[in-house]
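Peer 1: Chain order of the listed sequences is G and V.
When we follow numbering that gives the first Met the number 0, the leftmost residue of the first sequence carries the number 0, and every step to the right adds one.
When we follow numbering that gives the first Met the number 0, the leftmost residue of the second sequence carries the number 0, and every step to the right adds one.
I'd like to ask you about the structure that follows.
There are 2 protein chains.
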Amino acid sequence: MAIKVFIVDDHRMVIEGIHSLLQNEPEIVWVGQATTAASCTDFLKHHSTDVILMDINLPDKSGIELCSEVKAAYPEIYILGLSTFNQQSFIEKMLDSGASGYVLKNATKEELLDGIQTVMKGKQYLSFDAATTLRQIPLQSNVPLITRREKEVLGLIADGLTNNQIAQQLFISVATVDTHRKNLLAKFDAKNIASLIKVAVKVGLI
Amino acid sequence: MAIKVFIVDDHRMVIEGIHSLLQNEPEIVWVGQATTAASCTDFLKHHSTDVILMDINLPDKSGIELCSEVKAAYPEIYILGLSTFNQQSFIEKMLDSGASGYVLKNATKEELLDGIQTVMKGKQYLSFDAATTLRQIPLQSNVPLITRREKEVLGLIADGLTNNQIAQQLFISVATVDTHRKNLLAKFDAKNIASLIKVAVKVGLI
DNA sequence: GGAAAAATCATGGAAAAAGGGGAGATGCTT
DNA sequence: AAGCATCTCCCCTTTTTCCATGATTTTTCC
């Protein structure tokens with residue numbers, strides 16, 4: 000029984016590459032492709048698939064959102080994230096949103112096939128080894144856990160608001176904002192806001 | 000006379016995709032591929048090519064550096080940059096380093112062919128229009144031009160150093176660091192360092 | 001060689017953040 | 001009921017940033 004595969008990626012060359020990699024595989028059926036989240040959901044209204052290869056960056060919405068939505072509507076579809084290098088931080092969110100695994104865009108045909116077949120069995124597939132060997136990525140995952148309020152404050156700080164302005168906007172006292180700020184600095188182990196923002200943006204928190 | 004094309008990209012799927020796009024084109028000859036800058040320069044020592052399709056992000060060094068090096072050693076080779084979306088800031092540097100143009104990774108076959116043929120005529124090819132139409136890139140195109148020194152200071156600020164520490168590290172006075180800081184804030188039209196760093200990281204400057 | 005751009009330095013004052021405490025009020029879980 | 005996390009608030013001091021204004025030297029480029 001052949002596995003039906005659909006792909007969502009805004010880079011035509013990646014679509015073309017994967018298509019080319021898979022086109023002579025007997026156990027894979029290429030059911031379609033999309034370059035936007037919207038056209039992906041449209042497709043799913045009228046067609047079925049077993050596996051979706053999903054880029055994390057899409058033009059109209061993030062792969063993370065799309066992943067949640069697809070999983071909510073079609074829990075039987077397995078989603079395999081597609082990732083370029085500097086996006087490890089998003090991967091756990093992708094998995095949290097229901098993805099069954101991910102492969103890197105420089106994966107070989109064997110890895111890709113392995114990934115598709117593994118998730119079809121209901122297992123998780125991660126091509127993490129490839130990532131770490133190809134360049135020394137600091138294994139992070141030590142991204143601090145911050146609360147909803149802290150994230151909110153962090154966003155406003157990154158927008159350039161002062162503690163005072165944030166306090167007004169959130170209807171809380173400046174002292175509270177200051178406390179959140181201090182907690183953020185402590186959680187990120189950052190010397191000041193500059194270094195905090197850098198890490199937060201890189202890690203996808205902002 | 001067929002055009003010899005070589006590609007350097009660390010994403011095998013992109014290589015595969017472009018290969019697939021070009022394989023049935025009579026006027027294109029695929030001479031080889033590399034996933035690192037090192038293997039690219041190795042290849043060029045023993046083989047020739049007319050055009051190099053070059054990714055801006057490579058594992059061992061940036062496409063910008065590789066571009067300068069290749070152009071210095073083989074000025075007759077035309078280089079066409081390959082870009083994903085959020086890297087507009089690097090493109091002008093790529094052009095400064097000798098590239099003849101660039102195409103986006105979501106380009107169609109026609110655009111890619113057009114790009115290759117245009118640069119072979121010694122002209123510049125930019126697929127910028129496609130970028131702006133496909134998604135509304137917010138600011139980006141007006142990424143401020145900052146100087147080498149400013150970038151250096153910006154990096155240290157983002158690492159969490161204070162003006163004082165930066166001054167010591169660069170052997171300049173605190174007043175100078177402060178001036179650079181002010182100029183950066185002005186160029187980015189940022190209210191404070193927090194918002195500056197956010198934009199700078201997103202735009203790929205850090 | 002001259003203009004423009006970049007890098008350097010300075011003073012002084014207002015505003016904001018960083019760093020150190022402590023503490024009460026929720027609500028959720030065990 | 002006790003424990004824990006979260007959100008809330010406050011005080012104090014020091015450090016740092018932000019802002020305004022002006023100037024000199026070096027580099028770069030035409």
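C-beta atoms are modelled at their ideal positions from N, C-alpha and C, and glycine is treated no differently.
1) Along the segment 13–30 of chain V, what residues have a CB closer than 9 Å to any CB found in chain G?
2) What would DSSP say about residue 160 of chain V, mapped onto helix, strand or coil?
3) Count the other CB atoms within 10 Å of the CB of residue 181 of chain V; is the residue buried (16 or more) or exposed (fewer)?
4) Reducing DSSP to helix, strand and coil, say where residue 96 of chain V ends up.
5) What residues from chain G crowd round residue 82 of chain V, counting only those whose CB sits closer than 9 Å?
6) Go ahead and pull the three-state DSSP assignment for residue 203 of chain G.
7) Quick one: grab the DSSP three-state call for residue 144 of chain G.
8) Would you please state the rounded distance, in angstroms, between the beta carbons of residue 27 of chain V and residue 4 of chain V? I believe it to be under 8 Å.
9) Check the Cβ of residue 201 of chain G against every Cβ in chain V and list those closer than 9 Å, keeping chain order.
10) Quick check: the Cα distance between residue 184 of chain V and residue 184 of chain G, rounded to an integer number of angstroms?
11) For residue 182 of chain V and chain G, any beta-carbon pair shorter than 9 Å?
12) Grab the span of the alpha helix (DSSP H) containing residue 67 of chain G for me, first residue to last.
13) Is the shortest distance between the beta-carbon of residue 134 of chain V and the beta-carbons of chain G less than 9 Å?
14) Only counting the same chain, and skipping five residues up and downstream in sequence, which positions put a Cβ closer than 6 Å to that of residue 210 of chain V?
15) At the level of alpha carbons, what is the spacing between residue 168 of chain V and residue 50 of chain V?
16) From the DSSP output, in three-state form, read off residue 170 of chain G for me.
17) Within this structure, are the beta carbons of residue 173 of chain V and residue 187 of chain V separated by less than 9 Å?
18) Does any residue of chain V bring its CB to less than 9 Å from the CB of residue 191 of chain G?
Peer 2: This is what the structure gives:
1) 13, 14, 15, 16, 17, 18, 19, 20 and 22
2) coil
3) exposed
4) coil
5) Residues of chain G passing the Cβ test: none, with the nearest at roughly 10 Å.
6) coil
7) Reduced to three states, the DSSP call for residue 144 of chain G is coil.
8) About 6 Å separates the beta carbon of residue 27 of chain V from that of residue 4 of chain V, a gap short enough to meet the 8 Å contact definition.
9) By Cβ distance, chain V contributes 200 and 205.
10) 22 Å
11) no
12) 62–72
13) Note that residue 134 of chain V has pLDDT 35, beneath the 50 cutoff, so the model's placement of it is unreliable and no number is given.
14) Absent from the structure is residue 210 of chain V, since the part of chain V shown begins at 0 and ends at 205.
15) 42 Å
16) coil
17) With contacts defined as CB atoms closer than 9 Å, residue 173 of chain V and residue 187 of chain V fail to qualify as a contacting pair.
18) yes
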